[in-house]
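What follows is one structure encoded as structure tokens, with my remarks underneath.
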Amino acid sequence: MPSFPAAVVSRLPTVGTTIFTTMSRLAQECGAINLSQGFPDFNAGDVLFERVAHWMRAGHNQYAPMAGVPALRGAIAAKVRALYGADYDPELEITVTAGATQALFTAVAALVHPGDEVIVFEPVYDSYVPAIELAGGVVRRARLAAPDYRPDWAAVRALVSPRTRMIMINTPHNPSGTVWLADDLRELAAITAGTGIIVVADEVYEHIVFDGLRHESVARYPDLAQRSVVVSSFGKTYHVTGWKVGYVLAPRELMAEFRKVHQFNVFTVNTPVQLALADYMADSSRYLELAAFYQAKRDTFRAGLARTGFELLPCTGTYFQTARYGAISDAPDTRFVDWLTREVGVAAIPLSAFFGDGHDEKVIRFCFAKRDETLAAAFERLERFC
Ligand code: PMP
Ligand code: GLN
């Protein structure tokens with residue numbers, strides 16, 4: 105096709121294709137075991153598929169209400185009340201979204217004005233910064249440092265200014281696998297008290313927390329909850345990342361602004377899937393047992409990796425394990441994962457992809473949301489070369 109005659113002025117001049125797409129594609133090309141992009145290689149429960157088919161056949165195939173089907177919003181409200189003791193009105197304070205990515209993007213588009221400052225924590229999930237920049241916001245970065253990637257609250261305080269509009273947090277944290285503690289939430293509450301700062305809390309791994317820790321949702325803390333937009337995703341919880349369904353909780357004033365944008369960039373989400381998820385949520389064991397399920401996989405994965413030259417970093421949540429590879433290679437992390445994928449046959453994500461300046465700590469991220477056979481096959485390859 106002849107190319108567009110005028111020069112295109114990019115709104116995201118430094119952005120290329122996401123590291124997840126890049127590494128998954130390379131893994132496929134090389135026939136590597138894909139422990140890069142975060143998704144399970146096992147299926148969700150059959151009941152969930154039966155419920156989708158049920159609602160499709162029963163004729164629920166037209167637009168759902170803009171904010172989501174009432175049954176699903178009701179089920180979300182009940183879960184959040186039971187787990188975090190917070191009351192969100194399903195009518196005004198809960199919206200079903202096309203996954204967490206859309207929820208985060210919409211929250212930023214709705215609430216950040218040009219010139220507003222937004223604080224993020226690096227390593228930062230890849231969609232946050234482009235969303236802020238498209239809204240005309242100014243990104244301020246707080247560093248989470250290896251090996252435990254805990255926040256440095258004095259440094260965060262130093263970043264806060266009268267122009268700070270938003271702080272975006274993520275716990276349990278992708279890519280580090282760190283879980284914030286009650287003290288972190290108290291610090292966040294203290295820093296934001298008496299300000300107009302909005303917190304966007306990305307809690308997509310809320311049910312994947314290990315070692316008896318509890319998920320510290322901002323919803324547990326009334327002072328924080330009243331200024332927060334909480335984001336979650338059914339993709340992580342029910343092993344259906346490809347369905348792209350998530351939700352947002354926020355007090356009504358914030359939610360009203362969120363919905364003004366949501367109605368024009370998505371309008372509404374897949375009806376039979378929403379109805380099926382509402383049915384599936386009725387059995388709370390399906391999300392309550394997730395932590396033990398993934399903790400066993402984490403333990404298997406760590407035991408396997410311990411037989412290699414990788415140095416394991418702490419992992420108390422998510423389905424990601426980070427590791428230092430300095431004893432195996434002194435290559436930059438992007439080159440190391442390229443070698444690992446092509447020559448060893450195991451794909452992983454370089455942590456530098458989560459830093460604006462490409463900061464390289466020689467740390468990579470593996471996804472262990474895989475069948476035990478997949479993990480065993482990966483160990484066999486890793487043990488041979490690493
Ligand atoms: N936030 C984080 C921290 C994630 O890891 C992911 C996806 N893995 C998302 C948001 C996006 O979730 P979704 O697939 O529901 O858009
Ligand atoms: N969130 C997933 C990960 O961290 C990837 C999702 C995506 O490809 N955008 O691996």
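Anchor point for the sequence shown: position 245 equals 349 in my numbering, and the numbering is continuous, going up by one each time.
Here a beta-carbon is modelled for each residue, glycine too, at the ideal position from N, C-alpha and C.
Inset, instruction - Look at P454 and I468 and say whether their C-beta atoms are less than 8 Å apart. - result: Cβ distance < 8 Å, so P454 and I468 count as in contact.
Inset, instruction - Specify the secondary structure class of L358 as computed by DSSP and reduced to three states. - result: Here L358 sits in helix by DSSP.
Legend entry - Distance cut-off 7 Å: N138 Cβ against heavy atoms of the ligand GLN: Every heavy atom of the ligand GLN is 7 Å or more from the Cβ of N138, so no.
Legend entry - Residue ranges of each beta strand (DSSP E) within the region 424–475, 3 or longer: Those beta strand (DSSP E) runs which fall completely within the region 424–475 and span 3+ residues are 424–428, 467–471.
Inset, instruction - Assign N351 to one of three DSSP states: helix, strand, or coil. - result: Note on residue identity: the sequence assigns Tyr, not Asn, to residue 351. Reduced to three states, the DSSP call for Y351 is strand.
Inset, instruction - With a cut-off of 8 Å on the beta carbons, I'd call V352 and V335 a contact; round off their distance for me. - result: Going by Cβ atoms, the distance from V352 to V335 rounds to 6 Å, so yes, they are a contact pair.
Legend entry - Below 6 Å from a heavy atom of the ligand GLN - residues by beta-carbon: The set of residues whose C-beta lies within less than 6 Å of a heavy atom of the ligand GLN reads, in chain order, T122, F124, Q141, G142, N278.
Legend entry - M160, enclosing alpha helix (DSSP H) - first and last residue: 150–161 is the span of the alpha helix (DSSP H), which, as asked, contains M160.
Legend entry - Cβ-Cβ separation, W443 to A452 (assumed contact under 8 Å), whole Å: That pair is no contact at about 11 Å.
Inset, instruction - Look at the alpha carbon of L116 and the alpha carbon of P266, and state the distance between them as a whole number of angstroms. - result: Going by the C-alpha atoms only, they are around 26 Å apart.
Inset, instruction - For S280, I'd like the list of residues in its chain whose CB is within less than 7 Å of its CB, leaving aside the five on either flank, ordered along the chain. - result: Result list for S280: P227, L248, Y253, T426, in chain order.
Legend entry - Cβ-heavy atom distance, K348 to the ligand PMP, below 7 Å: The ligand PMP has a heavy atom closer than 7 Å to the beta-carbon of K348.
Inset, instruction - Compute the minimum distance between the beta carbon of S321 and the heavy atoms of the ligand PMP, and state whether it is under 7 Å. - result: Outside the cutoff, so no.
Inset, instruction - Any chance you could list the beta strand (DSSP E) runs of at least 3 consecutive residues sitting entirely within the region 174–250, in chain order? - result: Listed in chain order, the beta strand (DSSP E) runs fully inside the region 174–250 are 198–201, 221–226, 242–247, counting runs of at least 3 residues.
Inset, instruction - Measure the C-alpha to C-alpha separation of E310 and A481 and round it to an integer number of angstroms. - result: A direct Cα-Cα distance of roughly 29 Å separates E310 from A481.
Inset, instruction - Assign M359 to buried or exposed, taking buried as 16 or more other Cβ atoms, counted over all protein chains shown, within 10 Å of its Cβ. - result: The residue is buried, with at least 16 neighbouring Cβ atoms inside 10 Å.
Legend entry - Identity of the residue in I137, F362, A204, A354 nearest R475 by Cα: Out of I137, F362, A204, A354, I137 has the C-alpha closest to the C-alpha of R475.
Inset, instruction - Measure the C-alpha to C-alpha separation of E393 and P169 and round it to an integer number of angstroms. - result: The straight-line gap from Cα to Cα measures roughly 31 Å.
Legend entry - First through last residue of the beta strand (DSSP E) which encompasses M270: Run containing M270: 268–274, per the beta strand (DSSP E) assignment.
Legend entry - A110 beta carbon near the ligand PMP (any heavy atom closer than 7 Å): At a threshold of 7 Å, A110 does not count as near the ligand PMP, since its beta carbon sits no closer than that to any of the ligand's heavy atoms.
Legend entry - Three-state secondary structure (DSSP) of G408: Correct three-state label for G408: helix.
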